[in-house]
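First up is the structure itself, then whatever we jot down about it.
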Amino acid sequence: MDAFTILNGTLSIIYISISILVGLTMILSYRKHKERLLILVGLTWIGIVSPWYPSSISFIVAFFNNGQGIPELAYYLIGNIAGPVFIFIWLVAFTEFFLQSYRKLILGGSIIYGIVWEILFFWLLLQGPGTIADFFPPIDVDYKGFYLVLALSVIAIVSSTGIYFSYRSIKTDKRKTRIKGYFLLAAFISYTIGAILDAAIPQDYIYLIPTRLILISSAIFWYFGFIMPKFVERRLEK
Numbered sequence: 004m005d006a007f008t009i010l011n012g013t014l015s016i017i018y019i020s021i022s023i024l025v026g027l028t029m030i031l032s033y034r035k036h037k038e039r040l041l042i043l044v045g046l047t048w049i050g051i052v053s054p055w056y057p058s059s060i061s062f063i064v065a066f067f068n069n070g071q072g073i074p075e076l077a078y079y080l081i082g083n084i085a086g087p088v089f090i091f092i093w094l095v096a097f098t099e100f101f102l103q104s105y106r107k108l109i110l111g112g113s114i115i116y117g118i119v120w121e122i123l124f125f126w127l128l129l130q131g132p133g134t135i136a137d138f139f140p141p142i143d144v145d146y147k148g149f150y151l152v153l154a155l156s157v158i159a160i161v162s163s164t165g166i167y168f169s170y171r172s173i174k175t176d177k178r179k180t181r182i183k184g185y186f187l188l189a190a191f192i193s194y195t196i197g198a199i200l201d202a203a204i205p206q207d208y209i210y211l212i213p214t215r216l217i218l219i220s221s222a223i224f225w226y227f228g229f230i231m232p233k234f235v236e237r238r239l240e241k
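Going by our numbering, the first residue of the sequence shown is number 4, and it counts up by one from there.
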């Protein structure tokens with residue numbers, strides 16, 4: 004593997020490791036706070052970073068397998084198949100607080116969206132993996148064509164509802180909730196920018212490091228937006 008591939012794989016592992024840690028910490032925090040929201044948003048974060056799972060897994064496999072990562076088909080399945088499921092989980096969390104009168108409509112629409120998304124994904128896959136992306140083994144892909152539209156639709160749903168969630172939190176009278184709202188806004192904006200850069204722009208040294216740093220920051224902001232650490236809270240109170 005060349006230096007760029009090693010850097011790419013290492014940054015993917017760092018991002019995924021931080022994201023899984025954030026998600027699991029939030030899920031386990033349910034025992035202390037007894038808030039179902041923490042389970043939902045923890046699962047959401049573990050899920051919406053799934054497009055970066057295959058590059059991390061393939062890098063590890065390639066490291067111990069003479070540079071040969073996972074097959075292209077497995078790469079696309081691991082990174083994409085569960086996306087609509089986690090969109091649904093996020094919308095369950097979202098509608099517990101906002102647009103409650105439209106909850107059934109939103110969740111029903113999410114199920115229909117997920118079914119259509121999966122049908123189109125597998126249809127593209129049956130046409131040949133090359134219709135989804137250009138694969139540069141062991142870890143890099145450039146998504147393209149109609150699948151890129153599907154991928155961007157997932158990002159659009161997450162970012163639009165997330166920014167709305169953040170905006171409403173910022174508008175509350177409770178200072179702590181307002182601060183959390185700003186962290187969430189930073190999380191959704193940085194995730195959206197990072198995901199679009201990673202999905203739509205071919206990566207090189209100029210783009211790779213800033214893109215992954217933006218994504219890593221989104222995971223940290225997400226955590227602060229739902230479980231603000233005491234040291235952050237104390238600093239903001241000064």
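Cβ coordinates follow ideal geometry from the N, Cα and C atoms, glycine included.
None of these values were measured; they are calculated from a predicted model.
By a C-beta neighbour count over all protein chains shown, 10 Å radius and 16 as the cutoff for buried, is I60 buried or exposed? buried
Other residues of its chain near F7: CB distance less than 8 angstroms, five sequence neighbours each side excluded: D207, Y208 and L211
Jot down the residue ranges of each uninterrupted beta strand (DSSP E) in the segment 92–142, minimum 3 residues, whole runs only, in chain order. 136–139
Would you list the one or two residues that DSSP bridges to V144? F138
Extent of the continuous alpha helix (DSSP H) to which K37 belongs: Counting along the chain, K37 falls outside any alpha helix (DSSP H), and DSSP gives it neither H nor E.
Considering only residues of the same chain and omitting the five flanking positions on each side of R215, which have a CB-CB separation below 7 angstroms? L14 and Y18
Compute the distance between the beta-carbons of W225 and A190, then report whether it is under 8 angstroms. yes
Proximity winner among V157, Y170, V152 and F139, relative to P205 (alpha-carbon distances): The shortest C-alpha separation from P205 is found at F139.
Validate contact between the segment 68–88 and the segment 22–34 using beta carbons, cut 8 angstroms, 3 pairs: no
Run the CB neighbour count on G82, radius 10 Å, all protein chains shown included, and call it buried at 16 or more, exposed below. buried
Is V157 helix, strand or coil when you go by DSSP? helix
C-alpha distance - K179 paired with P132, whole-angstrom precision: 47 angstroms
Quick one: measure Cβ to Cβ for A202 and I21, integer angstroms, because I've assumed they're closer than 8 angstroms. The beta carbons of A202 and I21 sit about 19 angstroms from each other, so the pair does not count as a contact at 8 angstroms.
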